Every structure is written in structure tokens, then in C-alpha cells.
Amino acid sequence: MPTPGSASAPDTRLEIQQPDAHAQYILREAREIAYVLRQLGARRAIVTAWYGHAGDFLTTGVIDVATDNRNLILDLGRDEAAIAGALAAGRLLCATQLDKVKIQFPLERLERCTHEGFPALRTPLPDILLRLQRREYYRLSAPSLDSLACQIPLRDGHKIHARILDISGGGLAIVAPPGGEDLQVGTIFENCRLELPDSPPLTVSLQVRNVFRMSTRGGSEVLRAGCQLVHLRAAEANLIQRYILKTERERNHYRA
1 MPTPGSASAP DTRLEIQQPD AHAQYILREA REIAYVLRQL GARRAIVTAW
51 YGHAGDFLTT GVIDVATDNR NLILDLGRDE AAIAGALAAG RLLCATQLDK
101 VKIQFPLERL ERCTHEGFPA LRTPLPDILL RLQRREYYRL SAPSLDSLAC
151 QIPLRDGHKI HARILDISGG GLAIVAPPGG EDLQVGTIFE NCRLELPDSP
201 PLTVSLQVRN VFRMSTRGGS EVLRAGCQLV HLRAAEANLI QRYILKTERE
251 RNHYRA
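So the sequence shown is numbered by UniProt numbering: it starts at 1 and just counts up by one.
Shown next as C-alpha cells:
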């Protein structure tokens, strides 16, 4: 059994160690990273900070994020051996969860400090942060004020102009006119034009996963299709993730 301050090494368990393989889930902007870290602090999430090569770790938590988004303040903890090991390590790998979503990030240059009169740990804000849904993607319902749309080119040269109902890092649900017989399950549409607010149009590939007819409140019939984003490049994935995170942040602000 592992002793306090040690456990199995996380080499094969932390996706943050392979950022290129999980590029669509990686945040790189300081403002977005700081927002997630502040959520961890507000929820008092327990963070496991791995260091060294023997599976040693420090159990900590986020206390505060500097207003300039440059420094992160962590709970000191009581395990002096683990604290000493973490301070001596050149790099730490941190892992936690927030609403069943994996959160992972590296830390460097950890040091002791005093925060609001209490001993704590200070480190520069991480350059990257992984935000990975455990089982399925978080789906964001399209805000009523945003006009999220998608143009799907057909083989005959025509286009389906669809409205987006919800969107995630893995796909989207759209509503199309009832004449969209080309929306067949399994069909892949290349060069689709995805339009998000405050962003240039994205060119993506969509594979239809499910289709069914539905009636609107006005009594008209439309097609609702669930589509998977396939062959998604890191740049497009980051823009979609940035939009979802920005919208989440704005909704939480208005709810507060």
C-alpha cells in the first residue's frame, strides 16, 4: 500500500504529459486558465501535485489567483516531507476534477509565501491547462442572443443553412429545413462553415450521427441532426473551446 505522500507514478495516467495528443482540450490563454483555477478555488477542489520519479505527491488546493493572472496561491498542507519534496522538484504535475471534468496542469518554481497572514505556496500561473470531460463532452446550449449557424455544402453545389442548437468540443446539434434529405446517418460533409460570435468562420468536417424530424412551436416541420466534428485541427478545437468557456463565464457572472 502507498505510504502518505507517495502513490503509483502517474506516467501513464496524466493526459497533460501528452499535450499534442489532447490538443483540443488544452487551454493556453492566461485569462482562461485563471478562470478555471478560480473555479477550483471556489469549489475547494483537492489538487494532487505529483513530483519526482517515485510517485510522490503533495495534496493541496487553490487559494487564490493574482488579479494580473501571473501567480497562483496554493494551500501549504501539513505534510512537511511532501512540502520539502515539492519545493525541491523542478516541475509538478497537478490533477483534480471539477464537475466530473478532468483538470490537469503543470507547475514550476514553487516557493513558500505568506498569503493574508497565513503560510502558503506560490507559483507562476501554468502555461497550459487540460480540461477533459471524463465520459462525454460538455454540451453548451446556444445562447439566444448568439446566432450560431453552420453552412453544409452538398454534392450538387447547394448548401444547407442550419441553426446550431448546442455545441461541444466533439460535435453539435443543428436544425435544418425539412428538405435536407442529404442529412443521412454516417454521411461526412467536408468544408462546412461554422460561424461563432467574435471569431472568423471555421472550416470543419461533420459526420451525421442521428437525424429525426420535429415540429416547431409554430407547427412547421424541421430536421434535427446530431453531428460529430471529425478530423478537427487543434486551432479550430481551441476556438470552439474558447467560445464555450467564454459563454460559461458570462453565464456564471449573470447568475451571481
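We put the CB at the ideal spot given by N, CA and C, even for glycine. From a predicted model like this one, the values you see are computed outputs, not experimental measurements.
Boundaries (first-last residue) of the alpha helix (DSSP H) holding residue i
{"i": "Q39", "result": "A30 to R43"}
{"i": "A95", "result": "Note, A95: premise wrong, no alpha helix (DSSP H); beta strand (DSSP E) at R91 to L98."}
{"i": "L87", "result": "E80 to A88"}
Buried versus exposed call for residue i [16 or more other C-beta atoms within 10 Å across all chains shown]
{"i": "P126", "result": "buried"}
{"i": "V204", "result": "buried"}
{"i": "P106", "result": "buried"}
{"i": "T96", "result": "buried"}
{"i": "R135", "result": "The predicted position of R135 is uncertain, since its pLDDT is 43 and thus under 50; a value taken from the coordinates is nonetheless stated next. With fewer than 16 Cβ atoms within 10 Å of its Cβ, R135 is classed as exposed."}
{"i": "D11", "result": "For D11, the predicted structure reports a pLDDT of 44, less than 50, and the residue's modelled location is therefore unreliable. A value from the coordinates is still provided. Per the 10 Å Cβ criterion, exposed."}
{"i": "I188", "result": "exposed"}
{"i": "Q241", "result": "buried"}
{"i": "G169", "result": "buried"}
{"i": "E32", "result": "buried"}
{"i": "G85", "result": "buried"}
{"i": "F57", "result": "buried"}
{"i": "T67", "result": "exposed"}
{"i": "R251", "result": "exposed"}
{"i": "A42", "result": "exposed"}
{"i": "V47", "result": "buried"}
{"i": "I16", "result": "buried"}
{"i": "G171", "result": "buried"}
{"i": "V208", "result": "buried"}
Residue from the options with nearest C-alpha to residue i
{"i": "C113", "options": "G90, L92 and G77", "result": "G77"}
{"i": "E111", "options": "P124, K102, Q104 and K100", "result": "P124"}
{"i": "A45", "options": "V101, L154, L223 and G117", "result": "V101"}
{"i": "H53", "options": "A30, L72, R91 and V65", "result": "R91"}
Range covered by the beta strand (DSSP E) that runs through residue i
{"i": "I63", "result": "V62 to V65"}
{"i": "Y51", "result": "V47 to Y51"}
{"i": "E104", "result": "It should be noted that the sequence gives Gln, not Glu, for residue 104. Q104 -> beta strand (DSSP E) spans V101 to E108."}
Next item on the list: Tell me, please, whether the segment 21 to 30 touches the segment 231 to 244 by the rule of three or more beta-carbon pairs shorter than 8 Å.
Entry: yes
Note to self: Assess contact between the segment 197 to 211 and the segment 223 to 230, defined as three or more Cβ pairs (one per stretch) separated by less than 8 Å. Is contact present?
What the structure shows: Result yes; three or more Cβ-Cβ pairs closer than 8 Å.
Check: What beta strand (DSSP E) runs, 3 residues minimum, are completely inside the UniProt domain "PilZ" (133 to 245)?
Finding: Counting only runs of 3 or more, we get 149 to 153, 159 to 167, 171 to 176, 188 to 195, 202 to 215 and 221 to 230.
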